[in-house]
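J.: The number in the numbering used here is simply the position in the sequence shown, starting from 1, with 23 added. Cβ coordinates follow ideal geometry from the N, Cα and C atoms, glycine included. Please see the structure below; I have some questions.
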Amino acid sequence: MPETKKAAKSRQIRAEYKTLPLVPFFALAMALSYKLFIFPNNFAPSGVGGIATMIQYVFKFNAGYLNLLINVPILIVAWKLVDREFVIKTGLFTLCFSGFLMLFEHVDFSRFQYYTENGTSNVLAPVAAAVVNGAFFGFCLRIHGSSGGTDVVSFCIRHYHPEFNVTWISFVLNVVIAIVSYFVYGYQFEPVICCIIYSFVLTTVGNQVVRGSQTALKFEIITEEPERLSQDLLEELHHGVTMLPAKGAYTHEDKSLVICIVNKHQIADIQAIIGKYPHTFAYITPVSQTMGNFRKIK
């Protein structure tokens with residue numbers, strides 16, 4: 024019996040929001056990172072969190088309230104411009120993250136905070152915070168959400184200018200925050216350097232989390248024995264193979280192009296298979312993401 028439109032819509036909604044319970048956990052981890060690494064070391068991280076941190080430093084006003092106040096109007100605008108699943112998950116993250124920061128104001132974390140009296144932890148603190156926050160930022164992106172702030176602003180700007188790169192928009196906004204932090208933290212360069220380090224490491228780790236489990240390698244193999252080679256690839260690697268006719272421009276001999284996308288850990292296996300066939304060579308291209316029926320071998 025064919026599925027009705029209402030049932031299909033209901034199934035789609037369940038699939039979109041089944042990851043929603045993960046969002047508060049991501050927010051908790053990031054709030055702890057702020058409390059343990061960022062606030063004690065007096066530097067502004069990237070994004071709206073950086074703005075809230077600087078205002079908290081100057082006026083002693085809890086960053087949780089500020090993060091909420093800044094993000095709410097941004098999310099209202101995004102509701103009209105960006106798809107609603109993204110806004111709902113980002114809004115839940117913002118609410119939980121701000122709530123945890125407000126709660127942590129009444130908890131003594133002094134025994135666990137990372138800093139030293141002589142400032143030797145100034146470089147390590149943004150690295151530690153960025154690794155933690157970058158990982159959970161990447162997890163947020165993988166479930167089609169974000170940590171709010173400049174990420175949402177970037178998507179809103181891209182709505183009107185699709186040619187703009189979201190990463191570069193966020194980068195420009197974070198550069199502004201880094202420059203402002205020079206004046207906020209007593210005309211010192213250390214907070215600016217810490218902000219730059221934090222932004223770079225967070226972006227690197229976040230991108231790795233988003234792409235890490237989805238990357239693969241594409242082998243394009245020129246061979247005279249496509250049937251036997253393809254059978255070996257299918258039986259030993261359990262990945263699909265595509266065969267195309269090919270002709271050498273120099274020799275004008277008929278060959279075959281065999282294409283196979285495999286997991287990164289299978290590179291030695293496929294090299295061993297190719298080595299069994301003379302007059303066969305291959306070149307490898309990194310694949311940043313795989314979609315559809317791509318079987319992952321453990």
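#1: Per DSSP, Ser279 is paired with what?
#2: Between Lys112 and Ser169, what straight-line distance do the alpha-carbon atoms span, to the nearest angstrom?
#3: Please report the straight-line C-alpha distance between Val198 and Gly298, rounded to a whole angstrom.
#4: Can you give me the start and stop residues for the alpha helix (DSSP H) that Val155 sits inside?
#5: Could you tell me the alpha carbon to alpha carbon distance between Leu92 and Ile192, rounded to whole angstroms?
#6: Checking the sheet assignment: what are the DSSP bridge partners for Ala291?
#7: Along the alpha helix (DSSP H) that carries Tyr80, what are the first and last residues, could you check?
#8: Where do the ends of the beta strand (DSSP E) carrying Val105 lie?
#9: Going by other Cβ atoms of all chains shown within 10 Å of its Cβ, with 16 needed for buried, is Thr303 buried or exposed?
#10: Drop a sphere of 10 angstroms on the beta-carbon of Val130, count the other beta-carbons inside from all chains shown, and report buried for 16 or more, exposed for fewer.
#11: Ends of the alpha helix (DSSP H) at Val175?
#12: When you compare the region 263–275 with the region 204–214, are there three or more beta-carbon pairs, one atom per stretch, that lie closer than 8 angstroms?
#13: Going by DSSP, what residue range makes up the alpha helix (DSSP H) through Pro47?
#14: Cα separation between Asp292 and Val146?
#15: Where does the unbroken beta strand (DSSP E) through Phe304 begin, and where does it stop?
#16: Leaving out the 5 sequence neighbours to the left and right, which residues in its chain are closer than 6 angstroms to Ala153 when beta-carbon positions are compared?
#17: Could you check the C-alpha separation between Val110 and Gly72 for me, to the nearest Å?
#18: Do Arg165 and Val233 have their CB atoms nearer than 8 angstroms?
#19: Of the residues Phe178, Gly229, Thr139 and Val215, which one's Cα is nearest the Cα of Asn156?
#20: Taking 8 angstroms as the threshold (C-beta atoms), are Leu280 and Leu267 in contact?
T.: In brief:
#1: Translated into the one-based positions of the sequence shown, residue 279 becomes position 256. Thr246 and Pro268.
#2: On the sequence shown, residue 112 is found 89 positions in, with the first residue counted as 1. On the sequence shown, residue 169 is found 146 positions in, with the first residue counted as 1. Distance between the alpha carbons of Lys112 and Ser169 is about 7 angstroms.
#3: Here residue 198 corresponds to residue number 175 of the sequence shown, with the count starting at 1. Here residue 298 corresponds to residue number 275 of the sequence shown, with the count starting at 1. Computed Cα separation, rounded: 50 angstroms.
#4: For the purposes of this step, residue 155 is identified with residue 132 of the sequence shown, where counting begins at 1. Val155 -> alpha helix (DSSP H) spans Leu147 to Arg165.
#5: If you number the sequence shown from 1, residue 92 lands on position 69. If you number the sequence shown from 1, residue 192 lands on position 169. For Leu92 and Ile192, the distance between alpha carbons rounds to 22 angstroms.
#6: Against the sequence shown, residue 291 aligns to sequence position 268. Within the DSSP secondary-structure output, Ala291 pairs in no beta bridge.
#7: By 1-based counting over the sequence shown, the position of residue 80 is 57. Segment Gly70 to Phe82, the alpha helix (DSSP H) holding Tyr80.
#8: Your numbering for residue 105 matches position 82 in the sequence shown. From DSSP, Val105 is part of no beta strand (DSSP E); its letter is neither H nor E.
#9: Looking up residue 303 in the sequence shown gives position 280. Buried, because 16 or more other Cβ atoms sit within 10 Å of the Cβ of Thr303.
#10: Reading the sequence shown from its first residue, position 107 is the one you call residue 130. Its Cβ having fewer than 16 others within 10 Å, Val130 is exposed.
#11: Taking the sequence shown and counting its residues from 1, the one referred to as residue 175 is at position 152. Residues Thr173 to Tyr183.
#12: The region 263–275 vs the region 204–214: no contact.
#13: Looking up residue 47 in the sequence shown gives position 24. Its alpha helix (DSSP H) spans residues Leu45 to Ser56.
#14: Looking up residue 292 in the sequence shown gives position 269. Looking up residue 146 in the sequence shown gives position 123. Looking at the two C-alpha atoms, the distance is approximately 42 angstroms.
#15: For the purposes of this step, residue 304 is identified with residue 281 of the sequence shown, where counting begins at 1. Following the DSSP letters along the chain, one finds Phe304 inside the beta strand (DSSP E) bounded by residues Phe304 to Val310.
#16: What you label residue 153 is simply residue 130 of the sequence shown in a count that begins at 1. These residues qualify, in order along the chain: Tyr221, Val224 and Leu225.
#17: Position 87 of the sequence shown, counted from the first residue, corresponds to residue 110. Position 49 of the sequence shown, counted from the first residue, corresponds to residue 72. Put simply, the backbone Cα of Val110 is about 18 angstroms away from that of Gly72.
#18: Counting from one through the sequence shown, the residue named residue 165 turns up at place 142. Counting from one through the sequence shown, the residue named residue 233 turns up at place 210. Closer than 8 angstroms, so yes.
#19: By one-based count along the sequence shown, residue 156 stands at place 133. It is Gly229 whose Cα lies nearest to the Cα of Asn156.
#20: Position 244 of the sequence shown, counted from the start, is the residue given in the question as residue 267. Position 257 of the sequence shown, counted from the start, is the residue given in the question as residue 280. In this structure, Leu280 lies closer than 8 angstroms to Leu267 by Cβ.
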